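Shown next, in C-alpha cells, is the structure this report addresses.
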Amino acid sequence: MKRNTAISITILLLCLPLTVGSQSIVNTKHNLSVSGIGTVKATSETEICIFCHTPHNSNGPAAPLWNRASQGIQYTLYSSSTMKTSTGQPDGSSMLCLSCHDGTVALGNVLSRSSPISFGSITTMPAGTPTNLGTNLADDHPISFTYNSALATNDGQLKDPSAIVAPVNLDKSSKMQCTSCHDAHDNSKTKFLLASTQGSALCFSCHNRNYWSSSTHSTSVKTWNGSGSNPWFHTPYTTVADNACENCHKPHTAGGPARILNYQNEEDNCLNCHNGNVAATNIQAQFTKTYRHDVYAYTGIHDPAEPALMGTKHVECVDCHNPHASNANTATAPNVNGFSAGVQGVNMNGVAVNPVQYQYEICFRCHADNPATQRYIIRYRGTGNRRLDFATTNVSYHPVEGIGQNPFVTSLISPLTASSKIYCTDCHASDGSGSPAGPHGSNNIAILKSAYDTTRFPVLGTGWTSSDLNAHWTLCFQCHNLSTVTSIHTNISSGHFFKYVGCNVCHDPHGYDGTLGVNGGSVSSAFEKLVNFDTSVIRPNANNGKMIDIPNRKCYFVCHQNANNTSGVYHAHLDAGSPF
Amino acid sequence: MKYIKIILLIVLIVSITEKGNAQSGITNSLHNFSSASWNQWGSNGLGGTSATSTSGRIGGQICAPCHAPHVYTSNVSPGSSVIGPMTSAPSNAPLWSHQLSAVTSYSTYSGYNMDSTALAQAAGGPVGTSKLCLSCHDGTVSMNYYRTFSASTSGIKPILMSAINGGASNLGTDLRNDHPISFVYDQGLSQRTNNGVYDPTSHASGIILGGSATNGTIQSDLLEGGTLLQCTSCHDPHNGAGAPHMLVKSNTASALCLTCHNK
Amino acid sequence: MKFKKSILVGTILLGITPLSFGQIANTAHDFTLSRAHWNLANEMCNVCHAPHNTDVSQAHNPLWIHTTTQANYTLYTGYTFSTKGGVGQQYGTPDGSSKLCLSCHDGTVAINSVNGAVLDTIGGKFGSVMMGTTHLNSTISPTTGLAGSHPISFVYDQNLVGKDPLLNNPLTTITPSGNGVTIAKELLDANGKVQCTSCHDPHLNTTTNWKYVRYNNNVGSQLCLVCHNK
C-alpha cells in the first residue's frame, strides 16, 4: 500500500511543470503570468512568454517576435562632458525593454490580444518602482550608442570591443544596449544581469579605469558600521572592494545624472563613507570647521573635463582626489602621495600636468595663476601667486618647489635640514591631534594645522613668554626650534624682535618673487630669510624710503605709520638706521 | 491514507488521459470544415451546383479540403511540386489534396539573435509540411481549390484565408514577424546556442498522443523527419491535444514555448 | 426448432452478406447491355463473378472470374508509413480483394477480359475494352501509380495501433454503419488487412454513395474518422 502511494506521488510530481533552476524566467519577476513570483503579475493569464513574444504577426521584422507595439516616445538622453560619443534615441533591443520599463505602456498591452491582459489594479509599471526608468534617461547608463574601437581609443579608459567577454555583449550593430548587461530571462545573477556586480566585474567588462587595480577602493575590505545612512543602498555587498564602482556610481536612476553618481551633490558621494562610518577617518567633520575647502558650497560647477587651471571658482573632493586611483602609498615631499594620486595639476612652470608628480601641483590649480582666495596678509613682495612665490629663483621661500636658498637654517628641528623639502600640507591641514591628513578644514585661519596668529598689534611694554609664542605660532615651532629662534632674534635685536611682534609681521610663510606688491625698497638683501613685512604694520622710512638692511643689520622702517608720517608710532632714531 | 490514494489516482488518471478532453479532435476545431460554406465536397460529391452559395453545407467532408485517398499531382499543382521534407518526393506527402501556393519566395524571420546556420536554412523558405499549411495560410490560394477544384472550375467562387475570421489566421507571405520554420533543429544547434534551445535528442517533448504519454523527445515527437522544425512542431492541424490554437500541447504557462526554449 | 434455426442461418447470411441487393443497378458497375455495350450476355454480375470455373488462385475469392492483373505498382510511401507504421504489417504489392479491383482499375487488363478470354464479343467486334480516360476515368495514376493513393494491403491490427496511437483499435471501434460491428469485422479482409474494399463497396448505389464510398459517401468524413483518430 505504501509503495503504491509512493508511486502515485512520484507520478503526480512528474506531472508538475518542469522548472529548470534559477536560470529560468519562470522563477523570476519577469514571469508576469499568474504563476509569477513578483507582486506585479497578471490576475489569471497563465502563458508566460506572451507578455513579450508571439509566434505569429509579431511587431516588426527586426525584433524577436515581439508582442508589444512601438510607442514612438522621445526620451531625455544621457549626456556628459566626459562621454566621447553621443547617444541617439534608444533603439534596438533597448526599445523592447523600455516598452515596459519606461512606465508609459500598460504591462498587459500585447499585440496578440485584442484587450489588455489584466493585472488587477496595476496598468503600467507602478511609479516609484526602482526599475521604472521613466522617460528621463539622463540619469541612466547611456545606451544605444556605437561602441567601436575608435570610441575605445578616443576615450582611453574603455576596452576595445573585441576584448569584451561574453556574455556581456554588443548588439549586431556594435551598439551598447540594455541587453549588453541584462538578460531578461535569466535572473541567476540577480537583476537579470549577465555578469556579477561583485567587485563591479560587470562594469569592468567594458570600463578600463586607469589606476583602479592599485586603488584602495578596489581592495579595501572596510565595512559600514551601521551609523548614518547606508552608503551601499543599491547593492547587496558589504565591503568597499565588493561594491567597487557602485560605491559611488548607480547605473540606473542615479542621483547625480552626469556620470551616474549616487548623489547629485558631488561631495555626498565621498563623504557618505569618509565620515568615519566606513573609512576610518572622518573627513566630513573637517568641513564643519571654520576654515575649509568648502565642498558643500558648490554644486554643478565642477566638471572632470575642466582645465587644470581653475576657471569658475569651486572646490570638490575630486578636484584633489581621484577616487579611481587613491591609495595609501606614502611619499616624501614634494612627491604626491597615494591619497591624491591620479589627479591633474599645474606644475611650477604653469603648465598643466596629468597626473601630478608633486603635491603642490594640485594646489597650483587654484592658488597660483588664478588664485581662488585672497591673501590674509599683504606683504611687500609677492602677489599671492604661490607658484611664483615658491619659485626657486626667488631670494627666499619655504622649500616647497625646491630646496631653500639658505643653507644655514639652524633652527630646524630634526630630521629637517636645510636641504629638506616640504609639502603645502605640512602647514595647511586639519587641526587637532589625530585629525586626518589633508587641508580639508581647520579651526585655524587659512586651514592651518596649528595656531598662526595674524594679529598685528603687540602690546608694547610687555614681553611675550616662550609659551605665549608657542601658543600663538605653534605652526612655526613645529619645524623651527622655539628656543633657537628666540635666541636668534634676541641676539640680533636686543630682544626687540619677537618680544613684541610675532612671526607673521616680519616673515612671509610662503616665499615671494621679485614682484613688488607695494612700494618698499629694491634691495634684494632686504628680503632674505623670508623677511617680507606685513604692509599694514611696517612702512618704509618716510625720509629715506628704506626698510631694512639685513646683512648690515640696520632697520629703517616705521611701524604702524602711514606714508605721510602723520599717525602711528614714529621712531626717529630709525633715520640713521637702528642696529639690530 | 486511503483518501489520499484515491485523490492521487484521480489526478493521475485525469492527467494522463488527455484523450478524455472533449475538446480534442479535428471535429472540435476550426479545421472542422464540415459546415464551411466553401467546402464544395458535400455528401453528394461535387455539392451540386451551389458553388457560389455561401450557405452552410451540412455534412461536408472534413478531410477533403486537405486530403484525398487518391491523389494525382495534377490536383495540387501549380505551385512548387516539392512537398516532401527536403527530398522533393511528392509521394511523401500525406495524400495532400489542397492546391499548393505558387509563392516561391517568402520573407523569412530575420533572426535577431538566431543561430546563423539555422537562420540561413530558414532563409531558404518553407519546405516540407510547412508548405502544406501555407497552401491555405499564406492567403494566396483559395480555400476551395482542392481535389479537382481549381481556378478553372466553373462556378467556383474563390475565397482566401484573409476572408476567414477577419484574416486572423492569415500569415501572408511576409513571415518575418513569425516564428522561423524549416530549419534543422539538432544537437548542434543546441550546442551552438549554449543550450539556449534544449538538445532535441534528449529533452522530453511532453506530448500526449491518443491518450498516453509518448515518453518522446523533441526530436521524436516534434520535428519533421526528426530534423526539421516546422509548423507541425507546434501545431497539430487535427487538434489531437485539444489545446487552443490547435497546438500540439497546451501552452498554459507557456509550456510549449519552454519545451524547446531554455528560458 | 428447425424454424428457428433457418431464421438464425438466414440472419447470419444476411449479416455477412452486404445488404445491397439491387443497389448496383444503374451504377458504373452495372454491366448490363444498356451500359456496357460489349456485354452481350446482358448480365450485371458476369464480368466479375461466375458460379462455376472461377479463378482459384485468388484466396478467399468471391467466385471471381475476371482476369487478374499482373502489373507492378509504385506503392504509397507516405509521410512516415513506409518507414515506420507500415513496417512489419505485411505491406507490399496489393493482394486480396485489392488485386481484384486493380484488375480493371490499373488500366492494364481489359474490362471484358474473363479468365484470360475476352467476354462475349461478336467476332471480335469490340475487342478488348480497356479502362481509359475518355468515358471511363477511374484509373490509378499512370504517372505515380499507387504512390498518391491511400495505402492498401497492410495488416491493420493492434500492433499498428501501438506504433501509431492516432489510429483507432480495429477490434473495438464500432463503425458508423449502424450494424454495431467493429472495423475489423466490417472493413478489413479476412487477413485483417486494409484493402480497396475497406473504403469502397463495389456494389453500392452510387447515387447516394458516390464512387462506391461507404457510409453515405463519407459524409462528415466519418469513413476517414472511423479509423483515423483525428
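Protein chains in written order, with the numbering used here: chain W, 7 to 586; chain E, 477 to 739; chain D, 3 to 232.
By construction, the Cβ of each residue, glycine as well, lies at the ideal position given by its N, Cα and C atoms.
The structure displayed is predicted, hence computed values, not measured ones.
DSSP links lysine 47 of chain W through a beta bridge to no other residue.
Each of D:Ala119, D:Lys127, D:Val157 was checked against the Cα of asparagine 193 of chain D, and the nearest Cα belongs to D:Val157. The beta carbon of lysine 127 of chain D does not come within 8 Å of any beta carbon belonging to chain E, so the residue lies off that interface. At a cut-off of 8 Å between beta-carbon atoms, histidine 655 of chain E makes contact with chain W. For the C-beta of threonine 728 of chain E, the chain W residues within less than 8 Å are, from N- to C-terminus, Thr52, Glu53.
By the Cβ neighbour-count rule, tyrosine 382 of chain W is exposed, with fewer than 16 other Cβ atoms within 10 Å of its own. Closest in C-alpha terms to glycine 664 of chain E, from the list E:Ser500, E:Gln575, E:Asn515, E:Ser592, comes E:Ser592.
Two segments are said to touch when three or more pairs of C-beta atoms, one from each, lie closer than 8 Å; by this definition the segment 444-459 of chain W touches the segment 296-310 of chain W. The contact set of cysteine 710 of chain E on chain W, defined by CB atoms closer than 8 Å, consists of Pro61 in chain order. Under the 8 Å criterion on CB atoms, isoleucine 453 of chain W is classed as non-interfacial with respect to chain E. For leucine 315 of chain W, the nearest beta carbon of chain E is not closer than 8 Å to its own beta carbon. Note on geometry: alpha-carbon atoms of leucine 83 of chain W and proline 148 of chain W lie some 8 Å from one another. Here alanine 544 of chain E is buried, its C-beta having at least 16 other C-beta atoms within 10 Å. Contact between the segment 310-327 of chain W and the segment 343-361 of chain W is present: three or more C-beta pairs spanning the two stretches fall below 8 Å.
Per DSSP, lysine 256 of chain W is not a residue of any alpha helix (DSSP H), being assigned neither H nor E. Distance between proline 329 of chain W and threonine 129 of chain W, taken at the CA atoms: about 42 Å. A Cβ-Cβ contact shorter than 8 Å links histidine 107 of chain D with methionine 133 of chain D. In this structure, the straight-line span from the alpha carbon of cysteine 103 of chain D to that of phenylalanine 509 of chain E is close to 31 Å.
Annotation note: the segment 363-418 of chain W contains the following uninterrupted alpha helix (DSSP H) runs of length 4 or greater, listed N- to C-terminal: 365-369, 392-395. Contact between tyrosine 75 of chain D and proline 96 of chain D holds: CB atoms are separated by about 7 Å, below the 8 Å threshold.
Beyond the five residues adjoining it in sequence on each side, aspartate 395 of chain W comes within less than 7 Å, by CB distance, of Gly388, Tyr403, His516, Gly517, Tyr518, Asp519 in the same chain, given in chain order.
For methionine 722 of chain E, there is no enclosing alpha helix (DSSP H), as DSSP marks it with neither H nor E. Neighbours of histidine 152 of chain D in chain E, taken as residues whose beta carbon is under 8 Å from its own, are Pro545, His546, Leu571 in chain order.
Residue contact check for tyrosine 588 of chain E against chain W: a CB pair falls below 8 Å. Interface with chain E (8 Å Cβ-Cβ cutoff): asparagine 220 of chain D is included. The continuous alpha helix (DSSP H) containing histidine 107 of chain W extends over residues 99-107. Going by beta carbons, arginine 385 of chain W and asparagine 538 of chain W fall inside the 8 Å limit. Asparagine 278 of chain W counts as buried, since no fewer than 16 other beta carbons sit within 10 angstroms of its beta carbon. Taking C-alpha positions only, alanine 477 of chain W is separated from proline 442 of chain W by approximately 22 Å. Tryptophan 572 of chain E is bridged by DSSP to E:His543.
Taking a cut-off of 8 Å for Cβ pairs, the segment 201-213 of chain W and the segment 161-173 of chain W touch, as three or more such pairs fall below it. In this structure, the beta-carbon distance from alanine 291 of chain W to lysine 228 of chain W does not fall below 8 Å.
Short of 7 Å from the beta carbon of glycine 88 of chain D, and not among the five residues preceding or following it, lie these beta carbons of its own chain, in chain order: Pro153, Phe156. Here threonine 693 of chain E is bridged, per DSSP, to E:Ala680. Taking all protein chains shown into account, phenylalanine 414 of chain W has fewer than 16 neighbouring C-beta atoms within 10 Å of its C-beta and is therefore exposed. Judged by DSSP secondary structure, isoleucine 31 of chain W falls outside any alpha helix (DSSP H); it is assigned neither H nor E.
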